[in-house]
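The structure under discussion appears below in the form of structure tokens.
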Amino acid sequence: MSLSLFTLQLKLFLKKPIKLLITLFVPFACTWLLFNLFEETQENLSIPIAIVDEDQSETSAIIIERIKALNEIQVHVVDNEDAERQLLQGKIDSIFVFTEGFEEKLMEEDRDQTILVRRTSNSIAYGIVQELLASEVTRISSNMKAANTVVQYYRSLQPELHPDKVWQDAYLHSDEYWVPEPLMGIDYEWYNVQGKTMEATESQYTANFWRIWSFITVLMVLTSFQWYIRAKEEAIASRLTTTMGGAKVFVLGVGGAHLLLQVVQGLITFILYSVFFETDWSQMGYVIWLTIIAFALGLLLAQWLHNKGSYYVAAFFVSCLFAVLGESFFPISELYSPLEKAAFLSPIGMDENIGLLGWSLLALVIGIWVTRKSGERLD
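Residue numbers (the numbering used here): 159 to 537.
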């Protein structure tokens with residue numbers, strides 16, 4: 159009986175080829191468009207800042223040019239008055255001031271109060287720029303310290319030595335260790351911004367194809383239980399009690415066909431994705447796992463909500479909640495760090511290192527159990 163309903167539902171899908179094609183291919187198409195849109199936005203995204211160079215030295219000019227060369231930063235070199243005006247108008251995120259005597263302090267190996275930052279309460283990206291500036295200042299000050307050490311050593315051997323050329327050669331030699339990458343990794347703790355210890359990290363968020371697809375799939379699966387809601391509204395359930403197997407057979411047969419359709423949709427997305435990008439086969443396990451988990455959650459919602467309107471509202475809310483916690487579209491954990499742990503409450507947040515067999519079997523057990531319980535509830 160259950161198999162007959164399963165086969166019948168598949169035949170009904172085939173009788174509506176346009177709807178079938180939309181279900182199978184639209185998730186990939188929408189994900190692809192959103193993914194490319196997010197990638198293009200991130201590539202064009204830059205942080206506008208103002209730099210005030212009170213020192214007007216060669217060292218400050220070098221650092222400013224290096225910061226200008228970064229695609230992530232949009233630098234405006236202006237005076238104090240223009241910088242303050244742009245900050246108040248919201249045209250820039252923050253102001254960085256190279257104080258007078260900046261180069262001399264670095265030569266003396268003193269980094270305190272060399273760069274000052276001005277910002278408003280709306281400034282959110284100054285920490286990233288601060289980290290980049292810290293990197294460049296550390297590079298130059300380390301080169302200067304190395305050059306000073308070499309000159310002191312040579313002076314102890316040859317007091318009459320002219321230090322300028324030795325200092326320059328030692329500085330350039332030290333700087334070579336920073337190209338193309340630093341000789342060592344440094345955990346920057348920056349002490350010279352308004353005299354306070356400040357630590358900042360660069361955002362690591364990038365658009366993720368599978369997290370975007372996950373949101374679209376969860377939303378599509380959760381809103382695909384019209385058949386279950388209709389069965390309750392039209393009193394089909396009461397008639398099913400007179401059939402062999404009762405409502406369980408109905409849920410297993412019709413629900414199984416809908417689940418298979420969504421799994422096939424996920425596999426088609428996986429195959430199309432693998433054509434354009436190199437991917438790990440274990441990703442297929444995540445695709446199947448997420449689809450079954452979403453189906454189980456949809457059954458739970460349809461089981462307890464008896465009105466179509468309230469069901470769709472709840473389905474949309476749950477999908478958006480999972481997308482936010484799973485960081486489908488933006489890094490919520492960077493805006494509020496405690497939510498980083500809450501991401502594990504979302505199935506969308508579990509797309510890293512998922513074992514094909516382990517997660518798929520677990521999801522299958524959950525799906526079968528919820529389906530059976532739903533059948534009992536429908537009775």
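For glycine and all other residues, C-beta sits at the position ideal for the given N, C-alpha and C.
query: Nearest to K169 by CA position, among L418, L264 and Q384, is which residue?
result: L418
message: Between the alpha carbons of R269 and V482, how many angstroms are there, rounded?
response: 41 angstroms
Endpoints, the beta strand (DSSP E) within which S382 is located: Run containing S382: none; DSSP gives neither H nor E here.
- prompt: Where R369 and G411 are concerned, what is the direct C-alpha to C-alpha distance, given to the nearest angstrom?
  reply: 30 angstroms
- prompt: Exposed or buried, what is V409 when buried is set at 16 or more other beta-carbons lying within 10 Å of its beta-carbon?
  reply: buried
query: For the candidate residues E216, N280, V471 and L245, whose alpha-carbon lies nearest to that of F256?
result: E216
- request: Can you have a look at E267 and say buried or exposed, based on whether 16 or more other CB atoms are within 10 angstroms of its CB?
  value: exposed
Inter-stretch contact at 8 angstroms, needing at least 3 Cβ pairs: the stretch 235-253 / the stretch 181-200: no
message: With three or more C-beta pairs closer than 8 angstroms as the rule, is the stretch 441-448 touching the stretch 208-225?
response: no
task: Look at E242 and D213 and say whether their C-beta atoms are less than 7 angstroms apart.
output: no
query: What residues in its chain sit with their C-beta under 8 angstroms from that of K303, if we drop five residues either side in the sequence?
result: E267
query: If E230 sits next to S204, beta carbons under 8 angstroms apart, how far is it from one beta carbon to the other, in whole angstroms?
result: 6 angstroms
message: Can you tell me where the beta strand (DSSP E) holding I273 begins and where it ends?
response: I273 to R277
message: Checking 7 angstroms against the spacing of the C-beta atoms, do S281 and S252 come in under that value?
response: yes
query: Can you find at least 3 beta carbon pairs, one from the stretch 277-295 and one from the stretch 321-328, that sit closer than 8 angstroms?
result: no
query: Which value, in whole angstroms, describes the spacing of the CA atoms of Y312 and N306?
result: 10 angstroms
message: Please return the same chain residues whose Cβ sits closer than 7 angstroms to the Cβ of G414, not counting the five positions on each side in sequence.
response: F164
task: With distances taken Cα to Cα, identify the nearest neighbour of S218 among I273, L457 and T381.
output: I273
message: Beta-carbon within less than 7 angstroms of F367's beta-carbon, same chain only, minus the 5 sequence neighbours each way: which residues are those?
response: T189, F193 and Y431
message: Taking its Cβ as the centre, do 16 or more other Cβ atoms sit within 10 Å of E334, making it buried, or is it exposed?
response: exposed
Paired residues, beta bridge with V235 - DSSP: I209
- prompt: Rounded to a whole number of angstroms, what is the C-alpha to C-alpha distance between G484 and F435?
  reply: 22 angstroms
- prompt: So what's F549 in DSSP terms, helix, strand or just coil?
  reply: Because residue 549 is not part of the residues shown, which for the chain are 159 to 537, the question remains open.
message: Which residue wins for smallest C-alpha separation from S486, given the options Y469, V471 and S504?
response: S504
- request: Note down the Cα distance separating A542 from K466, rounded to an integer number of angstroms.
  value: In the structure displayed, the chain extends from 159 to 537; residue 542 sits before or after that span and is not available.
- prompt: What are the boundary residues of the alpha helix (DSSP H) that includes F487?
  reply: It is not in any alpha helix (DSSP H) - F487 carries neither H nor E in the DSSP assignment.
Three-state secondary structure (DSSP) of V337: coil
- prompt: Who does I446 pair with in a DSSP beta bridge?
  reply: For I446, which the question treats as bridged, DSSP gives no partner whatsoever.
task: Keeping to the same chain, check which residues put their C-beta closer than 6 angstroms to that of R276; ignore five residues upstream and five downstream.
output: I253
task: Below 7 angstroms CB to CB, which residues in the same chain sit around V379 once its five sequence neighbours on both sides are set aside?
output: Q420, T449, A452, F453 and G456
- request: Measure the C-alpha to C-alpha separation of F559 and L172 and round it to an integer number of angstroms.
  value: Residue 559 lies beyond the residue range present for the chain, which begins at 159 and ends at 537; the question has no answer from this structure.
task: Give me the Cα-Cα distance between A227 and I374, rounded to the nearest whole angstrom.
output: 37 angstroms
- prompt: With a CB to CB cut of under 6 angstroms and the five nearest residues on each side skipped, what residues in its chain are close to Y329?
  reply: N301 and A305
message: Once DSSP output is grouped into helix, strand and coil, what is the label at I253?
response: strand
task: Please state whether DSSP places I221 in a helix, a strand or coil.
output: helix
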